[in-house]
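Participant:
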Amino acid sequence: MNDSATMHVGPLGSTVHVLHADPGTIAGLAAVDWNRHFRRVCLDPVRGLIVLMTPSGLHENLTDIFDHIVDIAGSTLTGASKALRHTRLRRPGDPPGTGLEPDAAFYVGEKAAHSTKVLI
């Protein structure tokens, strides 16, 4: 692993630790169920990043409020919406367990109405 690591507190009070590692190390770390130990973990083999985040209460509350607003608006305007909480977005070919986890992501409209299971 590279020795350069940083820690900072985000504007909403969330604590973020960023570590750098080679893609092989990150692929190996992807086999660990990090969510059992940390609230948010992002393993990005392309950029060589390991990001550990502990969202603040304010961060979580604002995310919940945003979820409700999009759910109501999406359902009202298109008839359906589906929140994709704890979804990892990754590129084709990236190892399982890696990728980015957005604070909020949604299907709205027909995709939400027909989605019963999301595979990412």
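According to our numbering, the sequence shown holds residues -2 to 117 in order.
From the three backbone atoms N, C-alpha and C, an ideal C-beta is built for every residue, glycine too.
1) Using C-beta distances below 6 Å, list every residue in its chain close to H14, excluding the 5 sequence neighbours before and after it, in chain order.
2) From L9 to F35, what distance separates their C-alpha atoms?
3) In or out: L74 buried (at least 16 other Cβ within 10 Å) or exposed?
4) For V115 and A80, I'd like the C-alpha separation in whole angstroms.
5) So what does T3 bridge to, in DSSP terms?
Facilitator: So, to answer that:
1) M4 and L49
2) 18 Å
3) exposed
4) Because the pLDDT of V115 is 43, which lies under 50, any placement of that residue in the model is unreliable, and the number read from its coordinates should be weighed accordingly. Taking the straight line joining both Cα atoms gives about 11 Å.
5) Paired residue(s): V15.
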